[in-house]
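Novice:
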Amino acid sequence: MMAVQIITKEDLEEFREKLMQDIKGLLSKLEYI
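Residue 2 is where the sequence shown starts when you use my numbering, and the numbers rise one by one after that.
(1) Measure the alpha-carbon distance for D12 versus I24 and round it to whole angstroms.
(2) Please report the distance separating the alpha-carbon of K10 from that of L20.
(3) Report yes if the C-beta of I7 is less than 6 Å from at least one heavy atom of the ligand SAM; otherwise report no.
This is how it looks when you write it as structure tokens:
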């Protein structure tokens, strides 16, 4: 029994968008230190 979650292209795009936002947020925080 495999519990493999099917990842659609839309999910991937959404995940990448969130990841980019998180990275940008972290970088901007680091600049203020």
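Ideal placement from N, C-alpha and C gives every residue a C-beta, glycine not left out.
These numbers were taken from a predicted model, which means no experiment stands behind them.
Specialist: Let me spell this out:
(1) Numbered from its first residue, the sequence shown carries residue 12 at position 11. Numbered from its first residue, the sequence shown carries residue 24 at position 23. Distance between the alpha carbons of D12 and I24 is about 18 Å.
(2) Taking the first residue of the sequence shown as position 1, residue 10 is located at position 9. Taking the first residue of the sequence shown as position 1, residue 20 is located at position 19. Near 15 Å, if we compare the C-alpha coordinates of L20 and K10.
(3) In the structure on display, the ligand SAM does not appear, and there are no ligands present to speak of.
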